[in-house]
Amino acid sequence: GGERSSPCPLLHGVLQGSVFSLLLFNIYMKPLGEIICHHGLRYHQYADDTQLYVSACGELSVAVPSLSQCLEAVRGWMGSNGLKLNPCKTEWLWVWGSLAQGELPSLALDGVALP
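Here full-length UniProt numbering is used: the first residue of the sequence shown is 1, the next is one more, and so on.
1) With DSSP collapsed to three states, give me the class of arginine 75.
2) Is leucine 83 helix, strand or coil when you go by DSSP?
3) Whole-angstrom Cβ separation of arginine 75 and leucine 109, contact assumed at under 8 Å?
4) What is the rounded straight-line gap between the Cα of proline 9 and the Cα of glycine 33?
5) Quick one: what's got a C-beta closer than 6 Å to valine 62's C-beta in the same chain, skipping five residues either side?
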């Protein structure tokens, strides 16, 4: 019922259930979009999920390192803000054209190969 928990200071993140939660969450996450754009990638955010997009146009030698560097920068930002980018829950999709040749590249985050 009517009992309340003891107050606890919120050091990171956004208070849930507040009228301002969505606005504050968007303000809180704004630097993430700036980091992604700085690496030349496009992105889409929905709630707490973020999708990154990079177009290779056959330039795997540029696309994969760009994506890897961006993910490391995102991981660093998240860590400094009390969050964790979990490599076990991070996936990537490689769309391979019919004219592309060679092997599919691999991608790792914090030493963990991404599925």
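Quick reminder that beta carbons are idealized off the backbone N, C-alpha and C, glycines included.
Note that the structure is a prediction, hence the values are computed from the model and not measured.
Let's see:
1) For arginine 75, the three-state secondary structure derived from DSSP is helix.
2) Leucine 83 falls in the coil class under three-state DSSP.
3) So it is a contact: roughly 7 Å between Cβ atoms.
4) For proline 9 and glycine 33, the gap between their C-alpha atoms comes out near 27 Å.
5) Hits under 6 Å: none found.
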